[in-house]
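*Asks:* Heads up: the sequence shown is residues 34 to 119, going by this note's numbering. A virtual CB, placed ideally from N, CA and C, is assigned to each residue, including glycine. Given the structure is predicted, the values throughout are model-derived calculations rather than measurements.
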Amino acid sequence: MDKSTKEMLEVILKKENTTFKKWQDQTLEAGLMAIFMRKGEEFQEFKNWMIEREAQKKMTQFLSTQLNLPNKNQQAQNVYRESEEN
34 MDKSTKEMLE VILKKENTTF KKWQDQTLEA GLMAIFMRKG EEFQEFKNWM
84 IEREAQKKMT QFLSTQLNLP NKNQQAQNVY RESEEN
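(1) E75 by DSSP, collapsed to three states: which one?
(2) Between the alpha carbons of M92 and K80, how many angstroms are there, rounded?
(3) Any heavy atom of the ligand GTP inside 7 angstroms of the beta-carbon of R114?
(4) Can you give me the C-alpha to C-alpha distance between R114 and E85, rounded to a whole angstrom?
(5) Would M83 pass as a contact of F76 if the rule is Cβ separation under 8 angstroms?
Next comes the structure, spelled out in structure tokens:
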């Protein structure tokens, strides 16, 4: 999935305040599969990206609680990114 598609989906998710659990709804999943097939995108790649996105959120939340730092969320994101880079 290309970067612009991911960015577009991020905007949609934020706008709709959608969680991954809502995306797992079978009806919605079937609709998304049809859209991706028409666009020539790989739906499984999208699902994997959504799972990874949700895992990153959970890791950030976990780190922010463990670190107990001011501006915890940003600090946790930085720690997570550093661990991903190494």
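*Replies:* In brief:
(1) coil
(2) 18 angstroms
(3) Within the structure as shown, the ligand GTP is missing, as the structure has no ligands at all.
(4) 13 angstroms
(5) no
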